[in-house]
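Visitor: Let me give you the structure first, and then I'll get to my questions.
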Amino acid sequence: MTHLHLLLIATILLSPFSISESQAMEQPLEGKVIIIAHRGASGERPEHTIASYSRAIEQGADYIEPDLVLTKDGILVARHENEISETTDIGEKAEFADRKTTKTIDGQKMTGWFTEDFTLAELKTLRAKERLPQLRKANMAYDGQFEIPTFDEILALAKAKSAATGRTIGVYPETKHPSYFTAIGLPHEGALLAALTKYSHVEKSAPVFIQSFEVENLKALRPKTKLRLIQLMDEKGSPADRSDLTYPDMATAEGLKIVATYADGVGPNKALVIPRTLLGNLGAPTMLVVEAHKVGLAVHPWTFRRENYFLPLAQKSGIDPRGIGDLKAEIQAFLATGIDGFFSDNVAEAVAAKPE
1337 MTHLHLLLIA
1347 TILLSPFSIS
1357 ESQAMEQPLE
1367 GKVIIIAHRG
1377 ASGERPEHTI
1387 ASYSRAIEQG
1397 ADYIEPDLVL
1407 TKDGILVARH
1417 ENEISETTDI
1427 GEKAEFADRK
1437 TTKTIDGQKM
1447 TGWFTEDFTL
1457 AELKTLRAKE
1467 RLPQLRKANM
1477 AYDGQFEIPT
1487 FDEILALAKA
1497 KSAATGRTIG
1507 VYPETKHPSY
1517 FTAIGLPHEG
1527 ALLAALTKYS
1537 HVEKSAPVFI
1547 QSFEVENLKA
1557 LRPKTKLRLI
1567 QLMDEKGSPA
1577 DRSDLTYPDM
1587 ATAEGLKIVA
1597 TYADGVGPNK
1607 ALVIPRTLLG
1617 NLGAPTMLVV
1627 EAHKVGLAVH
1637 PWTFRRENYF
1647 LPLAQKSGID
1657 PRGIGDLKAE
1667 IQAFLATGID
1677 GFFSDNVAEA
1687 VAAKPE
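Using my numbering, the letters of the sequence shown correspond one by one to residues 1337 to 1692.
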């Protein structure tokens, strides 16, 4: 192989991104790209805390995103998982030591403490801690300061901040492990819709999106609510409740047509929108945004984070995984594909990346 051939190959592999003319001309369905604060401003505060959501709102988020699990007494609370040893100080609570257990959640064996084994009053005695201490050491300064919030408290925060700022702050809840919770007698749907109705979120125009990685709970919600539903999709694998489907198949033109029969949009792993090359750079965009828009589906990829550990090769600032890279450049590559919104841990950088 000649030196020229090697140079051409390297140029292709190292290209930060490539966008076809037709894809670059795609426009968001509603004309405005929304910024979804992933678990709040989780790049700056421990995730799923009122402090994290408040920080995100201060920085300009359009929506705040709580992952919702249930307590023993049927209350929706915000945690990344129902197993809470990584995000709270429960391991230090001697009074709860005997509740440590092992369960199988969506086919995965987990050992720890689970929200469904505690009442809300018991969970309120816990305090949140940073989930990624190796990458976000500064966030550890806030460990032990904040409670686990309920969904009702998050809705109240959004309402209060909307009134205070004069701009609408939306909520973007995710039902976590819905089929598992249904199987143990704690379904999400009733409590979720009751809470949203309490805050007058009932019409499609409401500043609400309900999201899930599963399929059947979205289908069950469809006849019960006018609120917008989002089918989440990972880069690989299948929904926990539908092993006959794969996310990559759901992201095809034919798969998206089916999703459009029960959902209003998709929340894909960003690799389904722009995959990375073998060297870790952004490659050429797929047709997902184009095909989704053809059937009326919004596209909200996840998750954009500023640490080198998460960024494409060309956007890294160095070899330290904790270092802060060029998140703005990555986001702008995705904006050029015509996405309708995106999830980010870093709201300030996300706001800066959007065009005026």
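Glycine is no exception: its CB is placed at the ideal position from the N, C-alpha and C atoms.
On a predicted model such as this, the values are computed, not experimentally measured, just so you know.
(1) Relative to the C-alpha of A1492, which residue among S1536, I1667, Q1668, W1449 is closest?
(2) Report all residues from its chain with a CB closer than 8 Å to the CB of D1479; omit the five preceding and five following residues, and keep chain order.
(3) Helix, strand or coil: which one does DSSP assign to L1565?
(4) Please identify the residue among G1396, F1432, H1524, A1689 whose C-alpha is closest to the C-alpha of R1503.
(5) Rounded to a whole number of angstroms, what is the C-alpha to C-alpha distance between A1457 and L1365?
(6) Taking a contact to mean a Cβ-Cβ separation below 7 Å, would you say S1568 touches G1603 in this structure?
(7) CB K1664 to CB A1688, shorter than 7 Å?
(8) I1594 lies in the alpha helix (DSSP H); which residues open and close that run?
(9) Quick check on Y1535: does DSSP put it in helix, strand or coil?
(10) For E1428, count neighbouring C-beta atoms within 10 Å of its own C-beta (all shown protein chains included) and say buried if the count is 16 or more, exposed if not.
(11) In terms of alpha-carbon separation, which member of R1641, P1543, P1648, V1551 lies closest to A1599?
(12) Check this for me: beta carbons of A1650 and L1592, under 7 Å apart or not?
(13) With distances taken from CA atoms, which of K1408, G1376, I1370 is nearest D1398?
(14) Please state if the CB of G1677 and the CB of I1386 are separated by a distance shorter than 7 Å.
(15) Just the C-alpha distance for L1404 and L1412, rounded to the nearest angstrom, thanks.
(16) Pull up the distance between the alpha-carbon of D1453 and that of P1523, whole angstroms please.
(17) What did DSSP end up calling G1601 once you bin it into helix, strand or coil?
(18) May I have the straight-line CA-CA distance separating M1361 from V1626, to the nearest angstrom?
(19) Let me check understanding here. Comparing Cα to Cα, which of W1449, E1422, A1500 lies closest to E1431?
(20) Output the distance between the C-alpha atoms of Q1668 and F1640, rounded to the nearest integer angstrom.
(21) Distance, Cα to Cα, T1486 vs T1461?
(22) Using the Cα positions of I1594 and P1469, report the straight-line distance between them to the nearest angstrom.
(23) In whole angstroms, what separates the C-alpha of S1574 from that of F1549?
(24) Where does R1612 sit, in a helix, a strand or coil, going by DSSP?
(25) Go ahead and label L1459 buried or exposed: buried means 16 or more other beta carbons lie within 10 angstroms of its beta carbon, across all protein chains shown.
(26) Assign L1614 to one of two classes, buried (16 or more other C-beta atoms within 10 Å of its C-beta) or exposed (fewer than that).
(27) Classify H1513 as helix, strand or coil using the three-state DSSP reduction.
(28) When the Cα atoms are used, what is the spatial distance from H1384 to S1378?
(29) Report the CB separation of E1401 from Y1508 in whole angstroms; it is logged as a contact under 8 Å.
(30) What does the Cβ neighbour count give for R1578, buried or exposed, with the cut at 16 atoms within 10 Å?
(31) Span of the beta strand (DSSP E) holding Q1547?
Guide: The answer reads as follows:
(1) S1536
(2) P1382, D1425, R1463, A1464, K1465, E1466
(3) strand
(4) G1396
(5) Taking the straight line from one Cα to the other gives about 43 Å.
(6) Reading off the sequence shown, one finds Leu at residue 1568, where the question assumed Ser. Taking 7 Å as the Cβ cut-off, L1568 and G1603 qualify as a contacting pair.
(7) Closer than 7 Å, so yes.
(8) 1589 to 1595
(9) coil
(10) By the Cβ neighbour-count rule, E1428 is exposed, with fewer than 16 other Cβ atoms within 10 Å of its own.
(11) It is V1551.
(12) no
(13) I1370
(14) no
(15) 6 Å
(16) 15 Å
(17) Residue state for G1601 is assigned as strand, using DSSP reduced to three classes.
(18) With a pLDDT of 38 at M1361, under the threshold of 50, the modelled position of this residue cannot be trusted, and the question is left open.
(19) Among W1449, E1422, A1500, the Cα nearest to that of E1431 is on W1449.
(20) 11 Å
(21) 13 Å
(22) 40 Å
(23) Cα to Cα, S1574 sits roughly 9 Å from F1549.
(24) strand
(25) Answer is buried; the Cβ neighbour count reaches 16.
(26) exposed
(27) Reduced to three states, the DSSP call for H1513 is coil.
(28) 8 Å
(29) E1401 to Y1508, Cβ: 4 Å. Contact.
(30) exposed
(31) 1545 to 1548
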